[in-house]
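K.L.:
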Amino acid sequence: MSLFPVHMFSERTLRDVELIQGETITLRASAVTAAVVGALGTAVQILGERLVYTWILACTDVKTDAGDTLDVYIDTLFGTATWINIAHFTQIIGTDADTTSRFCVTVPANMLTTDLVTTDCAAGVARGVVGSQFRARWTMVDADGDGNFTWSLTGYAL
0 MSLFPVHMFS ERTLRDVELI QGETITLRAS AVTAAVVGAL GTAVQILGER LVYTWILACT
60 DVKTDAGDTL DVYIDTLFGT ATWINIAHFT QIIGTDADTT SRFCVTVPAN MLTTDLVTTD
120 CAAGVARGVV GSQFRARWTM VDADGDGNFT WSLTGYAL
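Per numbering that gives the first Met the number 0, residue 0 is the first one in the sequence shown, and the count goes up by one each step.
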């Protein structure tokens, strides 16, 4: 028998997640999106327990029309009510392949720099900002009434 029980060395978070291991975060499970502006996913609470995040936008059904577009964003919460956009994936177009995927990595940036956070990131840009919660946000434009995209947004946190 060990002098130190295994649980004594556990590095568990306030959310009861093991810190030594990475953690998968789902901001949006795979689902179909029809035309919508500024839809919000359910916020996922992290409480600042992680610093590095790899995010993957995975599309599994894209084939619509060239005029149909999908813009996906990741927002993070500061304080109790201020959501800041930290990532804007490169736009998905209705003629992209069904298996189109995009990824980004967010990690805290140099604290000696400043960044205007009152506007969304440009397409294909991510900011080094980490708050207490994350959420997905998206806009889907349907050029002629028959478009939809099936996609998910997941992350892996370290």
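No residue lacks a Cβ here, since even glycine has one placed at the ideal position from N, Cα and C.
Given a threshold of 16 other Cβ atoms within 10 Å of its Cβ, counted over all protein chains shown, does Arg27 qualify as buried or as exposed?
P.N.:
By the neighbour-count rule (16 or more Cβ atoms within 10 Å), Arg27 is buried.
K.L.:
If you run the structure through DSSP and keep just helix, strand and coil, what is Phe88?
P.N.:
coil
K.L.:
Would the segment 118 to 131 and the segment 82 to 98 be scored as touching if the rule is three or more Cβ pairs under 8 Å?
P.N.:
yes
K.L.:
Suppose you measure from the CA of Gly174 to the CA of Thr94; what does that come to, to the nearest Å?
P.N.:
Because the chain here runs from 0 to 157, residue 174 falls outside it and cannot be looked at.
K.L.:
Which of the three DSSP states, helix, strand or coil, is assigned to Gln20?
P.N.:
coil
K.L.:
In terms of residue numbering, what span does the beta strand (DSSP E) encompassing Val74 cover?
P.N.:
A quick correction: the sequence has Asp, not Val, at residue 74. Element bounds for Asp74: 68 to 77.
K.L.:
So, Ile24 versus Gly154, is the Cβ gap smaller than 7 Å?
P.N.:
At a Cβ-Cβ threshold of 7 Å, Ile24 and Gly154 count as neighbours.
K.L.:
Note down the Cα distance separating Thr32 from Phe102, rounded to an integer number of angstroms.
P.N.:
19 Å
K.L.:
Would you decide whether Arg11 is buried or exposed? Buried here means 16 or more other CB atoms lie within 10 Å of its CB.
P.N.:
exposed
K.L.:
Nearest-angstrom Cα distance between Thr96 and Phe148?
P.N.:
Residue identity differs from the one stated: residue 96 is Ala in this sequence, not Thr. Each residue's alpha carbon lies about 11 Å from the other.
K.L.:
Can you tell me whether Gly195 is buried or exposed, with buried defined as 16 or more other CB within 10 angstroms of its CB?
P.N.:
Since the displayed the chain opens at 0 and closes at 157, residue 195 lies outside it and no answer follows.
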